[in-house]
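Since the structure comes first, as structure tokens, the remarks are kept for the end.
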Amino acid sequence: RAPIRIAPSILSADFGRLGAEVQAIDEAGADYIHVDVMDGHYVPNLTIGPMVVKALKPWSKKVFDVHLMIAPVDPYIAAFVEAGADIVTVHAEAGPHLHRTVQLVKSLGAKVGVSLNPSTPPEVLDYVLPDLDLVLVMSVNPGFGGQSFIPSQLDKIRILRARIDATGRDIDLEVDGGVTPETAALVAAAGADVLVAGSAAFKGGAAAYADNIARLRAGA
Ligand code: DX5
Ligand code: ZN
Numbered sequence: 023r024a025p026i027r028i029a030p031s032i033l034s035a036d037f038g039r040l041g042a043e044v045q046a047i048d049e050a051g052a053d054y055i056h057v058d059v060m061d062g063h064y065v066p067n068l069t070i071g072p073m074v075v076k077a078l079k080p081w082s083k084k085v086f087d088v089h090l091m092i093a094p095v096d097p098y099i100a101a102f103v104e105a106g107a108d109i110v111t112v113h114a115e116a117g118p119h120l121h122r123t124v125q126l127v128k129s130l131g132a133k134v135g136v137s138l139n140p141s142t143p144p145e146v147l148d149y150v151l152p153d154l155d156l157v158l159v160m161s162v163n164p165g166f167g168g169q170s171f172i173p174s175q176l177d178k179i180r181i182l183r184a185r186i187d188a189t190g191r192d193i194d195l196e197v198d199g200g201v202t203p204e205t206a207a208l209v210a211a212a213g214a215d216v217l218v219a220g221s222a223a224f225k226g227g228a229a230a231y232a233d234n235i236a237r238l239r240a241g242a
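What follows is the structure, encoded as structure tokens:
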């Protein structure tokens with residue numbers, strides 16, 4: 023498989039200087055820029071909308087990996103694609119018509135991901151998996167950075183790795199929540215391709231970012 027990719031979550035960046043933070047984490051070696059969008063309804067926190075994605079886009083040419091923790095999600099997908107989202111990831115639990123939502127993202131020309139909360143079984147993807155570009159396993163309950171990794175998710179990562187391989191398609195397996203150099207080793211061994219890291223990537227200020235990313239890569 024391709025080498026592990028690191029997707030720093032700007033949720034843990036300094037929101038007062040977000041453009042400069044995106045540039046700094048890009049230059050420190052980020053592969054994707056992971057953007058956590060929260061609506062105070064699907065998850066108990068509020069973050070940013072498409073205007074901010076659009077404002078950040080000129081600060082990095084890396085893949086904008088936009089993780090939508092919002093419900094309903096369909097009415098906002100076009101705005102995020104227009105703002106510059108390269109990958110749009112929705113939650114399987116956020117609406118009753120996941121297949122429709124997946125097709126909507128694809129029809130707008132973006133890559134599509136589906137995320138599963140810790141309590142959601144991998145079977146919910148059985149009939150959409152070949153259509154996806156990315157599967158995102160949440161290893162914390164979504165809503166906040168800085169939580170502890172939930173070890174039971176390793177089993178789900180292994181199951182999804184096998185199911186993705188069985189499709190023969192190029193589908194990223196991304197893991198989000200509590201990823202540190204220590205848990206990165208477990209997550210990578212279980213079969214993840216892309217590691218999201220918020221607090222572990224942004225700790226210590228810009229001077230530490232390259233080292234933080236290197237440690238995540240080395241751990242994996
Ligand atoms: C949680 C978000 C994550 C979060 C990860 O709802 O989806 O991307 O920012 O933060 P850490 O790496 O600190 O657990
Ligand atoms: Zn996320």
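For the sequence shown, the UniProt record's numbering gives the first residue as 23, with consecutive numbering after it.
We put the CB at the ideal spot given by N, CA and C, even for glycine.
Can you tell me whether histidine 113 sits near the ligand ZN, meaning its C-beta is under 7 Å from at least one heavy atom of the ligand?
no
Since histidine 56 sits in a beta bridge, which residues does DSSP pair it with?
Ser31, Asp87
Kindly give me the distance between the Cβ atoms of proline 94 and glycine 117, rounded to whole angstroms, as I take these residues to be in contact under 8 Å.
6 Å
Member of Ser221, Ile186, Asp194 whose CA lies at the smallest distance from the CA of valine 201
Ser221
Per-residue burial, alanine 24 [other beta carbons within 10 Å of its own, 16 or more giving buried]:
exposed
Boundaries of the alpha helix (DSSP H) in which lysine 178 is found, first to last residue:
175-189
Among Asp96, Pro143, Val146, Leu147, the one whose alpha carbon lies nearest that of serine 129:
Asp96
Using 7 Å as the cut-off, classify the Cβ of valine 162 as near or not near the heavy atoms of the ligand DX5, replying yes or no.
yes
Using the three-state DSSP reduction, which class does alanine 101 fall into: helix, strand or coil?
helix
Quick one: any contact between the segment 176-196 and the segment 208-218, if contact means 3 or more CB pairs under 8 Å?
yes
Please classify leucine 147: is it buried, with 16 or more other beta-carbons within 10 angstroms of its beta-carbon, or exposed?
buried
By Cβ distance below 7 Å, which residues in the same chain neighbour alanine 46 in space, the five residues on each side in sequence not counted?
Ala228, Tyr231
Does DSSP put valine 157 in a helix, in a strand, or in coil?
strand
Phenylalanine 86 and isoleucine 55 - do their beta-carbons sit closer together than 8 Å?
yes
Delimiting residues of the beta strand (DSSP E) encompassing valine 218
216-219
Those residues which DSSP pairs with histidine 113 across a bridge:
Ser137
Sorry if obvious, but does the Cβ on lysine 218 come closer than 7 Å to a heavy atom of the ligand ZN?
Reading the sequence as shown, one finds valine at residue 218 and not lysine. Checking every heavy atom of the ligand ZN against the Cβ of valine 218, one is found closer than 7 Å.
From Leu238, Leu90, Pro30, Ser34, residue whose alpha carbon lies closest to that of aspartate 61:
Leu90
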